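Protein chains in written order, with the working numbering: chain A, 17 to 116; chain B, 17 to 116; chain C, 17 to 116; chain D, 17 to 116; chain E, 17 to 116. Each residue gets a CB set at the ideal place from its N, CA and C atoms; glycine is no exception. What you are looking at is a predicted structure, and each value in this text was computed from that prediction instead of being measured.
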Amino acid sequence: MLLGKIVGTLVSNRKDPKLEGMKLMVVQQIDLDCQDTGKYVIAVDAVGAGIQEVILYATGSSARQTVLTENKPVDAVVMAIVDEWEVDGVFRYQKYPESQ
Amino acid sequence: MLLGKIVGTLVSNRKDPKLEGMKLMVVQQIDLDCQDTGKYVIAVDAVGAGIQEVILYATGSSARQTVLTENKPVDAVVMAIVDEWEVDGVFRYQKYPESQ
Amino acid sequence: MLLGKIVGTLVSNRKDPKLEGMKLMVVQQIDLDCQDTGKYVIAVDAVGAGIQEVILYATGSSARQTVLTENKPVDAVVMAIVDEWEVDGVFRYQKYPESQ
Amino acid sequence: MLLGKIVGTLVSNRKDPKLEGMKLMVVQQIDLDCQDTGKYVIAVDAVGAGIQEVILYATGSSARQTVLTENKPVDAVVMAIVDEWEVDGVFRYQKYPESQ
Amino acid sequence: MLLGKIVGTLVSNRKDPKLEGMKLMVVQQIDLDCQDTGKYVIAVDAVGAGIQEVILYATGSSARQTVLTENKPVDAVVMAIVDEWEVDGVFRYQKYPESQ
Numbered sequence: 017m018l019l020g021k022i023v024g025t026l027v028s029n030r031k032d033p034k035l036e037g038m039k040l041m042v043v044q045q046i047d048l049d050c051q052d053t054g055k056y057v058i059a060v061d062a063v064g065a066g067i068q069e070v071i072l073y074a075t076g077s078s079a080r081q082t083v084l085t086e087n088k089p090v091d092a093v094v095m096a097i098v099d100e101w102e103v104d105g106v107f108r109y110q111k112y113p114e115s116q
Numbered sequence: 017m018l019l020g021k022i023v024g025t026l027v028s029n030r031k032d033p034k035l036e037g038m039k040l041m042v043v044q045q046i047d048l049d050c051q052d053t054g055k056y057v058i059a060v061d062a063v064g065a066g067i068q069e070v071i072l073y074a075t076g077s078s079a080r081q082t083v084l085t086e087n088k089p090v091d092a093v094v095m096a097i098v099d100e101w102e103v104d105g106v107f108r109y110q111k112y113p114e115s116q
Numbered sequence: 017m018l019l020g021k022i023v024g025t026l027v028s029n030r031k032d033p034k035l036e037g038m039k040l041m042v043v044q045q046i047d048l049d050c051q052d053t054g055k056y057v058i059a060v061d062a063v064g065a066g067i068q069e070v071i072l073y074a075t076g077s078s079a080r081q082t083v084l085t086e087n088k089p090v091d092a093v094v095m096a097i098v099d100e101w102e103v104d105g106v107f108r109y110q111k112y113p114e115s116q
Numbered sequence: 017m018l019l020g021k022i023v024g025t026l027v028s029n030r031k032d033p034k035l036e037g038m039k040l041m042v043v044q045q046i047d048l049d050c051q052d053t054g055k056y057v058i059a060v061d062a063v064g065a066g067i068q069e070v071i072l073y074a075t076g077s078s079a080r081q082t083v084l085t086e087n088k089p090v091d092a093v094v095m096a097i098v099d100e101w102e103v104d105g106v107f108r109y110q111k112y113p114e115s116q
Numbered sequence: 017m018l019l020g021k022i023v024g025t026l027v028s029n030r031k032d033p034k035l036e037g038m039k040l041m042v043v044q045q046i047d048l049d050c051q052d053t054g055k056y057v058i059a060v061d062a063v064g065a066g067i068q069e070v071i072l073y074a075t076g077s078s079a080r081q082t083v084l085t086e087n088k089p090v091d092a093v094v095m096a097i098v099d100e101w102e103v104d105g106v107f108r109y110q111k112y113p114e115s116q
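1) How many angstroms separate the CA atom of Glu-69(E) from the CA atom of Val-90(B)?
2) Grouping DSSP H, G and I as helix and E and B as strand, with all else coil, what is Ala-59(E)?
3) Assign Ala-65(A) to one of three DSSP states: helix, strand, or coil.
4) Looking at the secondary structure, which residues open and close the beta strand (DSSP E) in which Arg-108(B) lies?
5) Tell me Arg-80(B)'s beta-bridge partners as DSSP assigns them.
6) Give the interface partners of Asp-91(D) over in chain A, defined as CB-CB distance under 7 Å, in chain order.
7) Would you say Ile-46(E) lies against chain C (beta-carbon separation less than 8 Å)?
8) Please classify Arg-30(B) as buried or exposed, where buried requires at least 16 other C-beta atoms within 10 Å of its C-beta.
9) Using a C-beta to C-beta distance shorter than 8 Å, which residues of chain C count as neighbours of Met-38(E)?
10) Check each residue of the segment 84 to 108 of chain B: if its Cβ is closer than 7 Å to any Cβ of chain A, include it; give the result in chain order.
11) Please list the partners that Val-63(A) has in chain D, where partner means a Cβ-to-Cβ separation under 7 Å.
12) My understanding is that Thr-85(E) touches Ala-62(E), with C-beta atoms under 8 Å, so please give their C-beta distance in whole angstroms.
13) Applying a beta-carbon distance threshold of less than 8 Å, which residues of chain B neighbour Thr-82(C)?
14) Take Leu-48(D) and list the residues in its own chain whose beta-carbon comes closer than 7 Å to its own, dropping the five residues that flank it on each side.
15) Classify Asp-32(A): buried if its beta carbon has 16 or more other beta carbons within 10 angstroms, exposed otherwise.
16) Along chain D, which residues have their Cβ under 8 Å away from the Cβ of Val-27(E)?
17) Could you have a look at Lys-88(E) and say whether DSSP puts it in helix, strand or coil?
18) For Leu-19(C), does the three-state DSSP call read helix, strand or coil?
19) Starting from Met-41(C) and walking both ways along the beta strand (DSSP E), at which residues does that stretch end?
20) Listing by chain order, which chain E residues have their CB less than 8 Å from the CB of Val-42(C)?
21) Express the C-alpha separation of Gly-66(B) and Gly-66(E) in angstroms, rounding to a whole number.
22) Select from Asp-99(C), Thr-82(C), Gly-105(C) the residue whose C-alpha is nearest the C-alpha of Met-38(C).
23) For Met-95(E) and Val-98(D), I'd like the C-alpha separation in whole angstroms.
24) Would you report the Cα separation of Asp-118(A) and Gln-44(A), rounded to the nearest angstrom?
25) Distance, Cα to Cα, Thr-75(D) vs Glu-114(B)?
26) If you drop the 5 nearest sequence neighbours on each side, which residues of the same chain put their C-beta closer than 7 Å to that of Tyr-56(B)?
27) Relative to the alpha-carbon of Tyr-112(B), which residue among Gly-20(A), Arg-80(A), Ser-28(A), Leu-35(A) has its alpha-carbon at the smallest distance?
28) Throw me the rounded Cβ distance for the Tyr-73(C) and Leu-35(C) pair, which I believe falls under 8 Å.
29) When the cut-off is 8 Å and only beta carbons count, does Ile-22(E) lie next to chain G?
30) Our contact map puts Ile-22(C) next to Ile-58(C) with C-beta atoms below 8 Å; I'd like the distance itself, whole angstroms only.
31) Return no unless some Cβ of chain A is closer than 8 Å to the Cβ of Tyr-56(D).
32) Alpha carbon to alpha carbon, what distance is there between Val-93(A) and Ala-79(A)?
33) DSSP puts Glu-100(E) in a beta bridge; with which residues?
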């Protein structure tokens, strides 16, 4: 999975019937330092993520393994909202930074 | 999924029998600002997209999840025509810009 | 799918039994202007393509969706011989250019 | 499969239900000389790998072939802890270097 | 499929049980001129390839289509040992060059 930030939404009225009702999110890929990598993906939201939230997304056939996306023609899904991660023992991202 | 623009069509008379009757579109990949990324893909059209339309396409096994492409040897499908998307609250693309 | 040109053949006598009898083609990837992109792939030929022919190939699990390649350990298949394509209304490739 | 080093962990409380109980690891991709390639992946740990361990990870649908990840929306899995590898007869990495 | 050269082996004692008994090879990707591309992959050997042999490998779900790798968490398999290939009528590689 890769890290991303939800930066917007996409609207499509004419689409494959299987996509009906799915929320399509504009996701900017980010690196381990939360920096924009310059890549994006349009992903189905399976976890109710909001704008500006840092998330994890899966691609390929794995994107069809949520209840929402099963057998659907989607190749990217937001499957987790990220709380925090650390690299070499130091937090690189914390959704709710602890007071110090 | 990634964003693309339909820029043309491709004709093939000798092809795998399973592809009979499918419309093959030349798709230029675009970025979140509608700029050509320099990459392309030849994709099956599952939604009746027209030339110059901005679309969403899925790749890999997910491209075989539309009714049209099931069990077919295709690895890219146009599965949505895009109306609009926004990034950080600002429209980057609108098919039908509102009058102001 | 991506565009390619058949530039040669590959011979392998010791291979997975499932590959017996398959023709392995050396395919140069080309862009929308028929220019070599510098990338290649070794693909199974499912349509009887000949040397120098411009073709379409599919990769990943989709490469196993032809009758020939079903359940075989191949990740690239030539599934169409290309007659022509156009971009913005202008032919970029024509196998049989019309006399003018 | 590609080589990686476990450099940290990721916490997510709101995620697809199928991910419950899985340990998400921050993996830096490394090359054959153990050097960081600058790429990363967030992968499910299927073998109990620890921080700083050198591992092997699989991506795509293959990431769902461990007992732990079957039918889960994950596209990367740590499936082996690496003891050593050699290139051209010379060890490039040894977890437990032999005394000389 | 892509071309590679077997340059070494990898040892892992703690791995997913499904990988028991599989031989993991260090494969350098090569181009059509047999030159190292700088990329590598760790692949399961399904054909008994030896060090320095030029081989063909398949990736993704196709890597699980050999008898050896079925339903295993592996995303790359060596499925053919290459004897020769030609480009534009000229051999670029011959395992057993003909005497002239």
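Inspection of the coordinates gives the following:
1) 33 Å
2) When secondary structure is reduced to three states using DSSP, Ala-59(E) falls in the strand class.
3) Ala-65(A) falls in the coil class under three-state DSSP.
4) 106 to 110
5) Paired residues: none, contrary to the question.
6) Simply Met-17, Ala-74, Thr-75, Gly-76, Ser-78.
7) With respect to chain C, the C-beta atom of Ile-46(E) has no partner C-beta closer than 8 Å.
8) By the neighbour-count rule (16 or more Cβ atoms within 10 Å), Arg-30(B) is not buried but exposed.
9) Those within 8 Å of Met-38(E) in chain C number zero; the least Cβ separation is about 14 Å.
10) Val-93, Met-95, Ala-96, Ile-97, Val-98, Asp-99, Glu-100, Trp-101, Glu-102, Val-103, Asp-104
11) Arg-30, Lys-31, Asp-32
12) About 6 Å; that satisfies the 8 Å criterion.
13) Asp-32, Lys-34, Pro-89
14) For Leu-48(D), where only same-chain residues beyond five positions count, the Cβ hits under 7 Å are Val-103, Arg-108.
15) buried
16) Val-98, Asp-99, Glu-100, Trp-101
17) coil
18) Strand at Leu-19(C).
19) 40 to 46
20) The contacting residues are Leu-48, Trp-101, Glu-102, Val-103.
21) Taking the straight line joining both Cα atoms gives about 52 Å.
22) Thr-82(C)
23) 23 Å
24) The structure shown does not extend to residue 118(A), since chain A is modelled only from 17 through 116, so no value can be given for it.
25) 43 Å
26) Val-42, Val-43, Gln-44, Gln-45
27) Ser-28(A)
28) In fact, because the Cβ distance is near 17 Å, the residues do not count as touching under 8 Å.
29) Structure shown: chain G not included; protein chains present are A, B, C, D and E.
30) Actually they are not in contact, since the Cβ atoms of Ile-22(C) and Ile-58(C) sit about 11 Å apart, beyond 8 Å.
31) yes
32) 5 Å
33) Val-27(C), Gln-110(E)
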